[in-house]
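Residue numbers for the first sequence follow the numbering used here, beginning at 133 and rising by one.
No residue lacks a Cβ here, since even glycine has one placed at the ideal position from N, Cα and C.
These numbers were taken from a predicted model, which means no experiment stands behind them.
I have placed the structure first, in the form of structure tokens, so that the comments after it can refer back to it.
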Amino acid sequence: MSKTAQEFPKYDVYDFKAIEAKWQQHWQKTKSYKVGEDAAQEKYYLLEMFPYPSGRIHMGHVRNYSIGDVIARYKRMQGYNVLHPMGWDAFGLPAENAALKNGVHPAQWTYENINYMRKQLKAMGLSYDWDREIATCHPEYYRWEQLVFLQLLEKGLVYRKKTTVNWCEDCATVLAREQVIDGRCWRCDQQVIPKNMYGWFLKITDYADELLEDLDQLSGWPEKVVTMQRNWIGKSQGLACDFQVEDEEEKITIFTTRPDTIYGVTFMSLAVEHPLVDKLIAGTEQEQPVRAFVEQTLVEKQRMAMDQEPEKHGIFTGKYCFNPFTNERVPIYVANFVLMEYGTGAVMAVPAHDQRDFEFAQKYGLPVRPVVQPEKKVDSERLDSENMESAWEGDGILADSGPFNGLPSAEAKKAIIDHAKTQGFGQAHITYRLRDWGISRQRYWGTPIPVIHCDTCGVVPVPAEQLPVLLPGSQVPYGSHAPLHQQEDFYRIPCPKCGQPAQRETDTMDTFMESSWYFARYTSPRTDAPLDKEAAQYWLAVDQYIGGVEHAILHLLYARFFTKLLRDLEYLSVDEPFNNLLTQGMVIKDGAKMSKSKGNVVDPHELISQYGADTVRLFSLFAAPPERDLEWNAQGVEGSFRFLNRVFRLMQANKECFIAYEREREREGGAEEASFSLAKLSPADRQLHRKTHQTIQRVTESIETNFHFNTAIAGVMELVNQITVATGDGAKQPVEDAVLREALQTVVMLLFPMVPHFCQELWQFIGYNTPLDHQQWPTYSTEAIKEDELTIVVQVNGKVRSRLQVATGTDTEEIKQQALDDERIIKFISDKTVKKIIVVKGKLVNIVV
RNA sequence: GCCCGGAUGGCGGAACUGGUAGACGCAAGGGACUUAAAAUCCCUCGGUUCUUGUAACUGUGCGAGUUCGAUUCUCGCUCCGGGCACCA
Numbered sequence: 133m134s135k136t137a138q139e140f141p142k143y144d145v146y147d148f149k150a151i152e153a154k155w156q157q158h159w160q161k162t163k164s165y166k167v168g169e170d171a172a173q174e175k176y177y178l179l180e181m182f183p184y185p186s187g188r189i190h191m192g193h194v195r196n197y198s199i200g201d202v203i204a205r206y207k208r209m210q211g212y213n214v215l216h217p218m219g220w221d222a223f224g225l226p227a228e229n230a231a232l233k234n235g236v237h238p239a240q241w242t243y244e245n246i247n248y249m250r251k252q253l254k255a256m257g258l259s260y261d262w263d264r265e266i267a268t269c270h271p272e273y274y275r276w277e278q279l280v281f282l283q284l285l286e287k288g289l290v291y292r293k294k295t296t297v298n299w300c301e302d303c304a305t306v307l308a309r310e311q312v313i314d315g316r317c318w319r320c321d322q323q324v325i326p327k328n329m330y331g332w333f334l335k336i337t338d339y340a341d342e343l344l345e346d347l348d349q350l351s352g353w354p355e356k357v358v359t360m361q362r363n364w365i366g367k368s369q370g371l372a373c374d375f376q377v378e379d380e381e382e383k384i385t386i387f388t389t390r391p392d393t394i395y396g397v398t399f400m401s402l403a404v405e406h407p408l409v410d411k412l413i414a415g416t417e418q419e420q421p422v423r424a425f426v427e428q429t430l431v432e433k434q435r436m437a438m439d440q441e442p443e444k445h446g447i448f449t450g451k452y453c454f455n456p457f458t459n460e461r462v463p464i465y466v467a468n469f470v471l472m473e474y475g476t477g478a479v480m481a482v483p484a485h486d487q488r489d490f491e492f493a494q495k496y497g498l499p500v501r502p503v504v505q506p507e508k509k510v511d512s513e514r515l516d517s518e519n520m521e522s523a524w525e526g527d528g529i530l531a532d533s534g535p536f537n538g539l540p541s542a543e544a545k546k547a548i549i550d551h552a553k554t555q556g557f558g559q560a561h562i563t564y565r566l567r568d569w570g571i572s573r574q575r576y577w578g579t580p581i582p583v584i585h586c587d588t589c590g591v592v593p594v595p596a597e598q599l600p601v602l603l604p605g606s607q608v609p610y611g612s613h614a615p616l617h618q619q620e621d622f623y624r625i626p627c628p629k630c631g632q633p634a635q636r637e638t639d640t641m642d643t644f645m646e647s648s649w650y651f652a653r654y655t656s657p658r659t660d661a662p663l664d665k666e667a668a669q670y671w672l673a674v675d676q677y678i679g680g681v682e683h684a685i686l687h688l689l690y691a692r693f694f695t696k697l698l699r700d701l702e703y704l705s706v707d708e709p710f711n712n713l714l715t716q717g718m719v720i721k722d723g724a725k726m727s728k729s730k731g732n733v734v735d736p737h738e739l740i741s742q743y744g745a746d747t748v749r750l751f752s753l754f755a756a757p758p759e760r761d762l763e764w765n766a767q768g769v770e771g772s773f774r775f776l777n778r779v780f781r782l783m784q785a786n787k788e789c790f791i792a793y794e795r796e797r798e799r800e801g802g803a804e805e806a807s808f809s810l811a812k813l814s815p816a817d818r819q820l821h822r823k824t825h826q827t828i829q830r831v832t833e834s835i836e837t838n839f840h841f842n843t844a845i846a847g848v849m850e851l852v853n854q855i856t857v858a859t860g861d862g863a864k865q866p867v868e869d870a871v872l873r874e875a876l877q878t879v880v881m882l883l884f885p886m887v888p889h890f891c892q893e894l895w896q897f898i899g900y901n902t903p904l905d906h907q908q909w910p911t912y913s914t915e916a917i918k919e920d921e922l923t924i925v926v927q928v929n930g931k932v933r934s935r936l937q938v939a940t941g942t943d944t945e946e947i948k949q950q951a952l953d954d955e956r957i958i959k960f961i962s963d964k965t966v967k968k969i970i971v972v973k974g975k976l977v978n979i980v981v
């Protein structure tokens, strides 16, 4: 088994092309990263956000997947059973656009891209279990999504309703909010119009509270993302309260988070879409002007869609209602700033304590009545309608509020809600900003929604045994007008219940649906059900999830929601999908995000052919910590390449120490790693041995605490520099083989997760045939890292004046004395009185004079 | 407007729990090797001043404060980035 000197491979240059091809083939052939459930081994599920197959990989992918691969390989070396899968978020609009433009079918376009990008990812040497690859556009994926959809439909968590959507007439499709730019379609620049139409919704609001509460469990998530989600869900607690309309049967229900200001109500504002508006004005002289106002506002609202806040406008309806607390008569207005989608679409207006109401009151000459006085104000500073220049929105003490006078805001809120409840005109109420999730899209390249519309039976689910509902047609779907609705053989179908002619649903699902559960599907990607419960039980939750912060809200919220849905459908048993989340920064160049329009795009493919995957990986890890933006720098890449070459030469120059070791091993009949006693080492050997172990400590801690690979790499560079000096021409003493061997092997092992081909090759070069993936990650000896000597800084009045070299363990008094005896210190303190001396053990002495 | 981040040499970035600011790399300058270049190796490298050294002063966006001591903690600003944006 052992080698002789002649058998050691000889290299001159670092031939990355040959090395990378060799190991990639090896990993593929031996399925090195294929995993299965193994109860005996601790699992680690590492996941990077899967890519959209747009055509080629970009630098963002390179960075994301390099970071992930380091963690995967590191965890394997730590002995974990690592699940590290990859797949494709393969449905989406770009495929359809490409189809329209080039006459290629979206499926063909998508699968070609996948094939190309898979090659590119493999060329990066990423350690995926490729047997688990999934593409969401594959019927074997989306059929299970359709099944889950039907199960949710049955549970009442999916429903259909008519709502106002952003509609582009030219594209004949609904646009998502983020696809409307300045009120125009992002694709054709056509003015977007509001349109009422039916769509399918998921009841995410049923889970709003749990989605909010469970955020507290996500200690492994960046605080920033948790905050964004909390704000997005936007829970508000307050009072829902009825205001009786004068001379009508109707009541107006309002929602307020400030019940303590209810005695300050001076008018009522309704949203233009409020259902009561029509009734209130019907047949009155205000009917015409109010109608005109409503219509104009609706048009403006659409146009302003993404713009700045428009000026506040409103109009009096001519009607009044009664404040149930005061029985006061309050005029009812319709106002452009009241949202129908939030709360009840009706707002009690308290100009003294709400800035919007204040501005509105100023404009229309409505009274301002302060009822909450800020605390600790002298009488002359009390708020009154005369002296107020803006609303006071803070808490305070109630005044002019009947029986509630003198109560602080917090108590008053409770008391007022209680009062409303006992009197029967209101109760505590909770409102969320979060809305139900509209999943209908009038597009072709998505998962067909598996229902049938029958004139007699209504909405009929497609029977489970008829799933999947396949996307029809091998030809390119022409036009973009509800493509599935143009394929008669697709949508004309008999009703499964009554057999009468019926129509299939022709909407497809939002592509966020597929990415909401793919992480679970990876645990059993080929199983004949949505999930295999045992596999899910073993692997979930994801231990570490990595991706761009741009998905902080939608994708991550939907994935959390789906986890809870799948849990309640009893497919899995975790509450949260991702225990730890790492949001990596963008890759930028010349201070700006890489984009075609800016012409600052760097193609990873070219870089890999020029320098090799290992260099590209190394640079993207070294240039910045993962969570920060990474400024791309071509010269920096060159530097990383130089470093690898330096290590390569260093190994070759010192291969003697391995050959000698082989001979020794042969002679001693295969003895294990030679151990050496610290005491016998020369100072130079001791120093290198210490540095080796300090580096192990530093690299391990950099990875463990926050994945700061940049400092880990810097640490290895320092070790390499030290080995170079110790073995170079200028070295005073020769280095012991065993010490040198340990140092060099450590470099190879520590760098392996980052530059795997390179290290595996060197590992073989120095005589091992084992895969580094399963080599035990090196551990450091606390004995070895100890310093014999410490540098103690001596300060006078906090300024560094001198440094002392002392042996480790020198006691405080001794150090103090040495400091006071130091010539350079004497210079500073001789003519002054020493007031105080502070000694920090092992660090410094500060003399205060 | 509100809520989060961030600001350190020419550049990317280090700095444990308040204790040597600038690790590591890039760029730049100088030198060695070479007929020459590339590659490689060595030296210098925050600023200012001088008496050129184990020198002094100054320096982590700006201004205060706490402390023997602040890049680090507190308060007040400025600028940059991100998220939300009439949410009652």
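Cβ contact annotation for Gln505 (same chain, cutoff 7 Å, sequence separation greater than five): Arg514, Leu515, Gly528, Ile529, Ala531, in chain order. Beta-bridge pairing by DSSP links Thr295 to Met329. Here Asp374 is bridged, per DSSP, to Thr385.
Under the three-state reduction of DSSP, Cys317 is assigned to strand.
Checking the DSSP bridge columns, you'll see Arg935 partnered with Val925. In this structure, Leu566 keeps its C-beta atom at 8 Å or more from the C-beta atom of Ile828. Rounded to the nearest angstrom, the Cβ distance from Asn842 to Phe754 is 5 Å, consistent with a contact under 8 Å. When only Cα atoms are considered, His406 and Leu686 end up about 29 Å apart. For Tyr690, the uninterrupted alpha helix (DSSP H) segment begins and ends at 686 to 700. For Ala724, the three-state secondary structure derived from DSSP is strand. With the rule of 3 Cβ pairs closer than 8 Å, the segment 642 to 649 counts as touching the segment 576 to 589. Nearest in C-alpha terms to Ala756, of all of Arg195, Asp943, Leu851, Tyr912, is Arg195. Excluding sequence positions up to five before and after Ala939, its CB lies within less than 7 Å of the CB of Asp920, Glu921, all in the same chain and listed in chain order. Contact check between the segment 618 to 626 and the segment 543 to 560: fewer than three CB pairs, one atom from each, fall below 8 Å, which does not count as touching. Taking all protein chains in view, the Cβ of Gly396 is crowded by 16 or more other Cβ atoms within 10 Å, so the residue is classified as buried. Judged by beta-carbon spacing, Pro217 lies beyond the 8 Å limit of Tyr690, meaning their Cβ atoms are not closer than that value. The shortest C-alpha to C-alpha distance from Glu169 to any of Glu525, Val503, Gln669 is the one to Gln669. Under the three-state reduction of DSSP, Asn711 is assigned to coil, being neither helix nor strand.
In the three-state reduction of the DSSP assignment, Pro238 falls in the helix class. Taking C-alpha positions only, Gln927 is separated from Ser962 by approximately 14 Å. As the crow flies, the alpha-carbon of Gln210 is around 52 Å from that of Gly475.
Across the structure, Leu602 and Tyr260 are spaced so that their CA atoms are roughly 29 Å apart. Assignment of Cys789 by DSSP, reduced to helix, strand and coil, places it in the helix class.
The three-state reading of DSSP puts Gly187 in coil, since its state is none of H, G, I, E or B. Thr695 counts as buried, since at least 16 other C-beta atoms from the protein chains shown sit within 10 angstroms of its C-beta. In terms of Cα proximity to Phe223, the closest of Asn213, His237, Tyr212 is His237. Pairing Pro709 with Ala673 gives a Cβ-Cβ distance under 8 Å. Rounded to whole angstroms, the separation of the alpha carbons of Leu762 and Ser752 is 8 Å. Just measuring C-alpha positions, the residue of Tyr677, Gly631, Glu637 sitting nearest Ala652 is Tyr677. Of the residues assessed, Glu180 falls on the buried side of the cut-off, its CB having 16 or more other CB atoms within 10 angstroms.
In the displayed model, Leu883 falls within a helix according to three-state DSSP. With respect to Val871, Asp953 sits apart: the two C-beta atoms are not nearer than 8 Å. For Tyr677, the uninterrupted beta strand (DSSP E) segment begins and ends at 676 to 680. Secondary structure note for Ser401: its beta strand (DSSP E) is the uninterrupted segment 399 to 402. Within the same chain, Tyr743, Thr747 come within 6 Å of Phe773 by CB-CB distance, once the 5 residues on both sides are set aside. For Cys891, no beta strand (DSSP E) segment is defined; the enclosing uninterrupted segment is the alpha helix (DSSP H) at 888 to 897.
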